[in-house]
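Trainee: Pasting a structure here, questions to come.
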Amino acid sequence: MRHQAKEQQLALGRHANELERTVEERTRELREAKRAIESPLKWLIGPSRQMQKVVQQIRQVADSPFTILVEGETGTGKELVARTIHQLSARSKKPFVAVDRGAIPDTLIESELFGYEKGAFTGAHQRMEGRFRLAEGGSLFLDEIVNLPLPTQVKLLRALQERGVQPLGSKQLVRLDVRIIAASNVSLAREVKVGRFRQDVYYRLNEFVITLPPLRERDDILDLANGFLVEANMEFGRACREISERAAEVLLRYPWPGNVRELRNVIRRAMLLASDVIEPDDLAFLSVSASSTVALRGEVAPGHSSLKEIAGAAAAEAEQQAIRRALEITLGNKSEAARLLRTDYKTPRGLTCMRCGDPLGPTHRDPADAFLVATAN
Numbered sequence: 001m002r003h004q005a006k007e008q009q010l011a012l013g014r015h016a017n018e019l020e021r022t023v024e025e026r027t028r029e030l031r032e033a034k035r036a037i038e039s040p041l042k043w044l045i046g047p048s049r050q051m052q053k054v055v056q057q058i059r060q061v062a063d064s065p066f067t068i069l070v071e072g073e074t075g076t077g078k079e080l081v082a083r084t085i086h087q088l089s090a091r092s093k094k095p096f097v098a099v100d101r102g103a104i105p106d107t108l109i110e111s112e113l114f115g116y117e118k119g120a121f122t123g124a125h126q127r128m129e130g131r132f133r134l135a136e137g138g139s140l141f142l143d144e145i146v147n148l149p150l151p152t153q154v155k156l157l158r159a160l161q162e163r164g165v166q167p168l169g170s171k172q173l174v175r176l177d178v179r180i181i182a183a184s185n186v187s188l189a190r191e192v193k194v195g196r197f198r199q200d201v202y203y204r205l206n207e208f209v210i211t212l213p214p215l216r217e218r219d220d221i222l223d224l225a226n227g228f229l230v231e232a233n234m235e236f237g238r239a240c241r242e243i244s245e246r247a248a249e250v251l252l253r254y255p256w257p258g259n260v261r262e263l264r265n266v267i268r269r270a271m272l273l274a275s276d277v278i279e280p281d282d283l284a285f286l287s288v289s290a291s292s293t294v295a296l297r298g299e300v301a302p303g304h305s306s307l308k309e310i311a312g313a314a315a316a317e318a319e320q321q322a323i324r325r326a327l328e329i330t331l332g333n334k335s336e337a338a339r340l341l342r343t344d345y346k347t348p349r350g351l352t353c354m355r356c357g358d359p360l361g362p363t364h365r366d367p368a369d370a371f372l373v374a375t376a377n
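The numbering used here numbers the first residue of the sequence shown as 1 and each following residue consecutively.
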């Protein structure tokens with residue numbers, strides 16, 4: 001009897017030690033996750049060679065006086081890069097002011113950027129500080145600068161040259177100490193060539209360029225996905241442990257037209273659908289078809305198709321999947337979807353692709369699109 005009691009006591013001791021080690025290990029993991037989430041480089045550092053180069057560039061330029069241009073597709077993390085540069089610089093205690101050019105009408109962009117005096121125009125009942133002045137001592141992030149109207153580009157050039165702004169309705173130049181970080185989802189050099197962007201402004205912005213690769217060309221998709229899972233667990237108080245191997249295959253096959261932003265949203269949604277582990281069923285909303293799955297995984301396709309035919313079918317399926325997803329992201333706006341995919345939907349090929357990839361189908365197409373399709377064929 002005593003022997004049995006002693007054995008039970010020893011067993012309880014072993015279990016207690018194991019539990020203590022588990023708690024210590026979990027606590028350490030949570031501390032490391034918290035440090036990673038609080039780091040300004042949290043979603044940039046990883047095994048991807050392309051992103052390691054980006055991180056190196058960020059560290060090199062952060063404390064320099066250079067104006068910075070960040071180029072990359074929508075969703076690649078341009079604002080994240082801009083904020084990281086600001087946080088790693090001596091300006092980190094000063095304001096970081098972001099301007100989303102796409103959210104401001106052409107008629108308001110100058111007053112938003114440079115401010116105005118009371119009575120400068122009808123409705124100007126009081127003086128307003130522009131974004132430049134709000135960013136004094138810190139950093140001003142000009143997102144989608146490619147859409148800046150040409151007349152406003154002239155005023156931006158003056159602000160860059162003279163390091164100051166002249167508010168609307170004022171004759172005085174207000175000197176400012178502001179670091180400019182601009183971003184574009186298309187090549188500004190190409191826009192200069194076709195006359196849509198001023199060359200002199202481009203050279204002012206082009207002092208240091210950081211180019212972000214699209215997610216489909218990166219080799220750290222799963223690292224990012226696991227990082228986003230940790231973040232989502234902490235935010236929502238969940239305990240979804242991991243992404244299964246089969247679910248990881250789905251993530252690796254998907255073309256990611258929305259890039260890192262889309263991946264983060266996908267993981268957050270899948271985590272809410274999953275229980276303990278994210279499985280392919282939790283990613284069913286990505287709509288990766290079976291045919292693209294087989295071709296992209298390199299498995300043997302059924303039948304007697306040639307290698308060229310298999311490759312062609314896989315490419316066509318991937319193209320259609322990207323188009324469908326782009327149309328979903330833009331709520332069916334074909335011009336926006338075409339811009340995401342860097343094509344022109346008004347060309348015969350673009351029309352054909354958009355027609356085939358339209359998730360609403362031809363019966364829901366508006367009359368203008370039907371007319372364009374008819375005239376293109």
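Ideal Cβ placement from N, Cα and C applies to all residues, glycine included. All figures in this text were calculated on a predicted structure; none of them were measured in a lab.
Under three-state DSSP, which class holds E18?
Mentor: E18 falls in the helix class under three-state DSSP.
Trainee: What residues in its chain sit with their C-beta under 6 Å from that of Q166, if we drop five residues either side in the sequence?
Mentor: L173.
Trainee: Compute the Euclidean distance between the alpha carbons of L161 and R204, then round it to the nearest angstrom.
Mentor: Note that residue 161 corresponds to Gln in the displayed sequence, not to Leu. In a straight line, the C-alpha of Q161 is about 8 Å away from that of R204.
Trainee: Where does D100 fall in DSSP's three states?
Mentor: Strand, per DSSP.
Trainee: When the Cα of E79 is compared with those of T107, T211, D220 and V266, which residue comes out closest?
Mentor: Nearest option by C-alpha distance: T211.
Trainee: Which residue spans inside the stretch 143-218 form an unbroken beta strand (DSSP E) run of at least 3?
Mentor: Within the stretch 143-218, the complete beta strand (DSSP E) runs of at least 3 residues are 179-184 and 208-211.
Trainee: Less than 8 Å between the beta carbons of L168 and E117, yes or no?
Mentor: Yes; because the gap between Cβ atoms is below 8 Å, this pair is in contact.
Trainee: Are the Cβ atoms of N147 and R198 separated by less than 8 Å?
Mentor: It is not a contact, given that the beta carbons lie outside the stated cut-off.
Trainee: Assuming L286 is part of the alpha helix (DSSP H), what are its boundary residues?
Mentor: Premise fails: L286 is in no alpha helix (DSSP H) and is neither H nor E.
Trainee: Going by CA-CA distance only, name the one from L273, S89, A247 and V154 that's closest to R196.
Mentor: R196 has its Cα closest to that of V154, out of L273, S89, A247 and V154.
Trainee: Please determine, among E144, R268 and V81, the residue with the shortest C-alpha to C-alpha distance to K228.
Mentor: The amino acid occupying residue 228 in the given sequence is Phe; Lys does not appear at that position. Here the closest residue by C-alpha is R268.
Trainee: Considering just the uninterrupted stretch of the beta strand (DSSP E) at E262, what are its terminal residues?
Mentor: First-last for E262: N259 to L273, but that is the alpha helix (DSSP H), not the beta strand (DSSP E).
Trainee: Less than 8 Å between the C-beta atoms of N185 and T67, yes or no?
Mentor: Cβ atoms of N185 and T67: not closer than 8 Å.
Trainee: In the structure shown, what three-state DSSP assignment does S244 receive?
Mentor: S244: coil per DSSP, three-state reduction.
Trainee: Start and end of the alpha helix (DSSP H) containing E71?
Mentor: Element bounds for E71: not the alpha helix (DSSP H) but the beta strand (DSSP E), I68 to E71.
Trainee: Could you compute how far the alpha carbon of R179 sits from the alpha carbon of L157?
Mentor: R179 and L157: Cα-Cα distance of roughly 14 Å.
Trainee: Where does S89 sit, in a helix, a strand or coil, going by DSSP?
Mentor: Three-state result, S89: coil.
Trainee: Can the beta-carbon of A183 be found less than 8 Å from the beta-carbon of D223?
Mentor: No, they are not a contact pair.
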